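Asks: Right, I'll just put the structure down here and ask away after.
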Amino acid sequence: MREATRWLRALLLVGTWTCTGLASAGNAKAAGSAAFDPIYRVLTHPRCLNCHTSTGFPRQGDERRPHDYRVARGTDDHGAAAMRCTACHGTSNNGLFPGAPRWSLAPLSMAWENLGPGQLCQRLKDRRQNGQRSVTQLVEHMSNDPLVSWAWAPGAQRQPIDMPKDDFVRALQAWAVEGAPCP
Amino acid sequence: MFALNVNGVNRSVDVPDDIPLLWVIREELGLTGTKFGCGVAACGACTVHLDGEAVRSCAYPVSAATGHQITTIEGLSPNADHALQRAWVEHQVPQCGYCQSGMLMSAAALLRAHPRPTDAQIDQAMTNICRCGTHPRVKAAIKRAAQAMGTHRA
């Protein structure tokens with residue numbers, strides 16, 4: 393009887409520990425999800441994703457079609473020879489043509505197409521893939537880089553990011569304060 | 578007032594800052610070798626070089642061209658004898674000819690980046706539209722020019 397009680401206690405202990413551990417992991421995941429979801433919503437908007445592609449070409453439009461005129465990624469993410477991004481895109485919007493400083497595709501290591509929130513978050517934080525940026529530098533980049541900010545003022549008939557820029561920056565800061573958790 | 582360097586010559590033009598470079602080149606400077614095709618940077622007939630890189634001048638504001646070396650078809654070579662131009666004649670590339678100055682400028686930018694371009698590199702670079710369908714000749718002439726330039730360098 394004593395033996396059975398000991399086993400029961402042991403099982404309860406293990407069970408409690410496992411549940412606590414799972415609950416803790418679940419809470420962390422939930423916290424990561426809550427903190428990262430608004431960021432994910434912005435980063436997967438066509439204004440961002442069209443150039444954060446995993447393809448050999450940029451995309452364009454809200455339907456994310458391959459870029460008109462057979463524009464290719466090129467070896468340096470700035471287009472092919474004689475068809476560089478700068479052949480049409482300047483440092484600011486110009487009529488039909490969107491523009492911002494350093495207009496180009498994101499490197500393939502920063503491709504976000506077809507990634508869920510957890511995968512995108514992990515890729516975003518991976519310094520080997522994100523241009524050696526710390527979380528602080530990521531927040532700074534996404535808060536102040538003119539090319540990122542262009543997505544809130546894309547010009548012509550293009551739809552801007554559907555979250556106010558200030559809200560996005562606050563979401564970034566809150567995510568960083570929480571330790572940049574991932575879903 | 579904008580100060581421009583076109584084909585090595587300093588020029589100044591008094592135009593609105595959002596006027597496309599194409600119209601300055603054609604209407605203000607009288608260099609009519611560069612053509613208007615579509616007006617939305619799709620066809621490439623208006624291609625010129627800024628610091629050796631191809632740009633589509635119908636969509637390029639003149640204000641962004643200051644401080645750069647602008648080259649038009651008239652400035653591609655002193656006597657219309659660039660290796661590409663010779664190859665163009667050899668292969669009888671132009672038919673109606675309207676798109677060909679843009680074709681040549683794109684091809685020159687291609688050869689500057691890739692002196693011996695592959696078929697894939699030619700296809701990616703030469704998105705210029707030609708309604709006469711000269712693309713096979715364009716490709717052959719680019720290869721011929723690349724060969725001639727390589728031989729000349731050697």
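Keeping their order, the protein sequence lines are chains A and B. Heads up: the first sequence begins at 393 in the working numbering, then just goes up one per residue. Heads up: the second sequence begins at 578 in the working numbering, then just goes up one per residue. A virtual CB, placed ideally from N, CA and C, is assigned to each residue, including glycine. On a predicted model such as this, the values are computed, not experimentally measured, just so you know.
1) Could you list the residues in the segment 615-642 of chain B with a C-beta less than 7 Å from some C-beta on chain A, going in chain order?
2) Within 10 angstroms of the Cβ of A548/A, are there 16 or more other Cβ atoms? Answer buried if so, exposed if not.
3) Which first and last residues belong to the alpha helix (DSSP H) in which I650/B is found?
4) Might you give, ordered along the chain, the residues of its own chain that have their beta carbon closer than 7 Å to the beta carbon of Y675/B, omitting 5 neighbours on each side?
5) Looking only at its own chain, which residues have a Cβ that is under 8 Å from the Cβ of P546/A, when we skip the five neighbours before and after it?
6) Are T649/B and V625/B touching if we call contact CB-CB under 7 Å?
7) Taking the alpha-carbon positions, what's the A472/A to Q698/B distance?
8) Does the CB of R520/A have a neighbour CB from chain B at under 7 Å?
9) Going along the segment 679-696 of chain B in order, which residues come within less than 7 Å of chain A, judged by CB to CB distance?
10) Run the CB neighbour count on A580/B, radius 10 Å, all protein chains shown included, and call it buried at 16 or more, exposed below.
11) Leaving out the 5 sequence neighbours to the left and right, which residues in its chain are closer than 6 Å to L414/A when beta-carbon positions are compared?
12) Output needed for P509/A: all residues of its chain with C-beta closer than 7 Å, excluding positions within five of it in sequence on either side, in chain order.
13) What span of residues does the alpha helix (DSSP H) with T528/A cover, start to end?
14) For the alpha helix (DSSP H) holding A702/B, just list the boundary residues, first then last.
15) Cβ closer than 7 Å: which chain B residues qualify as neighbours of Y461/A?
16) Counting only the same chain and skipping the five closest in sequence on each side, list residues whose C-beta sits under 6 Å from that of H668/B.
Replies: Let me lay it out:
1) Taking 7 Å as the Cβ-Cβ cut-off against chain A, the residues of the segment 615-642 of chain B that qualify are V617, A618, A619, E630, A631, V632, R633, A636, P638, A641.
2) exposed
3) Unbroken run through I650/B: none, as it is neither H nor E.
4) K612, A622
5) R439, N485, P490, P552
6) yes
7) 8 Å
8) Nearest CB-CB separation between R520/A and chain B: not below the 7 Å threshold.
9) Against chain A - using a Cβ distance shorter than 7 Å - the residues of the segment 679-696 of chain B are S683, A686, L687, A690, H691.
10) A residue is called buried once 16 or more other Cβ atoms fall within 10 Å of its Cβ, and A580/B, having fewer, is exposed.
11) For L414/A, the predicted structure reports a pLDDT of 49, less than 50, and the residue's modelled location is therefore unreliable. A value from the coordinates is still provided. Closer than 6 Å at the Cβ level, and outside the excluded window around L414/A, lies no residue.
12) Here P509/A has S425, F428, D429, Y432, P575 as same chain residues with Cβ atoms under 7 Å from its own Cβ, once five neighbours each way along the sequence are excluded.
13) 527-536
14) 696-702
15) A619, T704
16) These residues qualify, in order along the chain: R714, A717, A718.
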